[in-house]
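Okay, structure first, notes after.
Numbering (this note's numbering), first residue to last: 124 to 281.
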């Protein structure tokens, strides 16, 4: 029954959009002094223990970067962003030791589908089999003020 539901979701996504794409894995990040970003630029901030990471929202708006699978410290963290609905979710695997492999599974209507272990889920679904992780959506200026040692994922460098 679950397989039939996954197949139905896959078929619906393929009718909406022609792409399924793996998430970006272990992206290059930069120290604060390696980038020049506008203070008002929107970011998604994640902190694990004493390590912080910022993800530039505009840079998560590309087909290949809607899902970023990262490690912060030893924690596998996946950041998902749908630019159509402006929805952010961050997931973590407290038991993992390597980056997760979430991906983009296409679209169903205006909602992005994500893939988790070969299964398809609406990004906003409550039954995704990985844990939500807290994040902050703020500006680059505020984030780097609060987290001066942060690293940032951006496609724009100095």
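For every residue, glycine included, the Cβ atom is placed at its ideal position computed from N, Cα and C.
In the DSSP assignment, find the alpha helix (DSSP H) that holds residue 267 and state where it starts and stops. For this step, residue 267 is matched to residue 144 along the chain shown. 263 to 269 is the extent of the alpha helix (DSSP H) around residue 267.
On the premise that residue 191 lies in contact with residue 202, defined as a C-beta separation below 8 Å, what is that separation, rounded to the nearest angstrom? Here residue 202 corresponds to residue number 79 of the chain shown, with the count starting at 1. Here residue 191 corresponds to residue number 68 of the chain shown, with the count starting at 1. Contact flag correct, Cβ pair sits at about 5 Å.
Rounded to a whole number of angstroms, what is the C-alpha to C-alpha distance between residue 208 and residue 246? Locating residue 208 in the chain shown gives position 85, counting from the first residue. Locating residue 246 in the chain shown gives position 123, counting from the first residue. Straight-line Cα distance between these residues: approximately 10 Å.
Which value, in whole angstroms, describes the spacing of the CA atoms of residue 271 and residue 154? Residue numbering aside, residue 271 sits at position 148 when the chain shown is read from its first letter. Residue numbering aside, residue 154 sits at position 31 when the chain shown is read from its first letter. Between residue 271 and residue 154, the C-alpha separation is close to 9 Å.
Which of helix, strand or coil does DSSP assign to residue 137? Counting from one through the chain shown, the residue named residue 137 turns up at place 14. For residue 137, the predicted structure reports a pLDDT of 48, less than 50, and the residue's modelled location is therefore unreliable. The matter cannot be settled from this model.
Which class does residue 158 belong to by DSSP, given the choice of helix, strand or coil? One-based indexing of the chain shown puts residue 158 at position 35. The answer is coil: DSSP assigns residue 158 none of H, G, I, E or B.
Option nearest residue 261 by Cα separation, candidates 174, 147 and 180: Working through the chain shown from its first residue, we reach residue 261 at position 138. Considering only alpha carbons, the answer is 180.
Span of the beta strand (DSSP E), counted from its first residue to its last, around residue 176: By one-based count along the chain shown, residue 176 stands at place 53. Looking at the DSSP string, the run of the beta strand (DSSP E) that includes residue 176 is 174 to 179.
Compute the distance between the beta-carbons of residue 198 and residue 239, then report whether it is under 8 Å. The residue given as residue 198 occupies position 75 in the chain shown. The residue given as residue 239 occupies position 116 in the chain shown. It is not a contact, given that the beta carbons lie outside the stated cut-off.
Who are the Cβ neighbours of residue 177 in its own chain at under 6 Å, not counting the five residues just before and after it? Locating residue 177 in the chain shown gives position 54, where the first residue counts as 1. Cβ neighbours of residue 177 beyond the five flanking positions: 166, 168, 266, 273 and 275.
Test item: CB-CB of residue 200 and residue 206 under 8 Å: In the chain shown, counting from the first residue as 1, residue 200 sits at position 77. In the chain shown, counting from the first residue as 1, residue 206 sits at position 83. No. Outside cutoff.
Whose C-beta lies closer than 6 Å to the C-beta of residue 223 among residues of the same chain, with five residues either side of it excluded? Translated into positions along the chain shown, residue 223 becomes position 100. Closer than 6 Å at Cβ, skipping near neighbours: 192, 199, 201 and 216.
Residue 248: first and last residue of the uninterrupted beta strand (DSSP E) it sits in: Locating residue 248 in the chain shown gives position 125, where the first residue counts as 1. First-last for residue 248: undefined, no H or E at that position.
7 Å CB neighbourhood of residue 237 in its chain, flanking five on each side removed: Position 114 of the chain shown, counted from the first residue, corresponds to residue 237. Counting only Cβ-Cβ distances below 7 Å, and skipping sequence neighbours, we find 190, 203, 225, 226, 227, 228, 244 and 246.
Need the endpoints of the beta strand (DSSP E) that residue 276 sits in, please. Within the chain shown, numbered from 1, the residue matching residue 276 stands at position 153. Where residue 276 is concerned, the enclosing beta strand (DSSP E) stretches over 274 to 276.
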